[in-house]
Amino acid sequence: MSGRNSVVANLIIKAIRWYQRVISAKRPACCRYYPTCSRYAIEAVSRYGAFKGGILAVLRLLRCRPWTSCSIDDVPRKYSIFYRCAWSKAHEEPRLTPLADED
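Per my numbering, the sequence shown starts with residue 140, numbered consecutively.
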């Protein structure tokens with residue numbers, strides 16, 4: 140989502156920032172992913188809006204379990220709920236030049 144966020148998206152972002160200041164700040168850092176789940180949620184909602192960004196944030200929270208390994212998990216460049224699958228092209232970099240036939 141480019142430009143301004145919707146009212147709902149702004150409310151979600153404010154609620155997450157409240158959580159970061161009031162609840163998360165009083166607990167020791169223990170997030171298994173980078174960025175943290177709350178930062179991921181803010182970025183997802185800012186980029187894709189309340190509904191699509193909210194779905195990505197919930198899926199991220201479902202992946203955050205004690206027995207998972209630590210890793211980097213960025214918000215996908217293109218929206219897809221399947222972006223963690225190997226066949227997904229959500230993290231693919233845009234090609235700067237077209238492929239040329241080599242003769």
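Even glycine gets a Cβ: it sits at the ideal position worked out from N, Cα and C. Quick caveat, the model's predicted, so the values are computed rather than measured.
Query	Result
Along the alpha helix (DSSP H) that carries residue 176, what are the first and last residues, could you check?	176–202
So, at 6 Å on beta carbons, what are the nonlocal neighbours of residue 183 in its own chain, with the 5 sequence-adjacent residues on each side left out?	192, 195, 196 and 214
Using 8 Å as the cut-off, can you tell me whether the stretch 145–164 makes contact with the stretch 197–209, which would need three or more C-beta pairs spanning the two stretches below that distance?	no
Can you tell me which of the three DSSP states residue 158 falls into?	helix
For residue 145, tell me which candidate among 217, 186, 169 and 171 has the shortest Cα-Cα distance.	186
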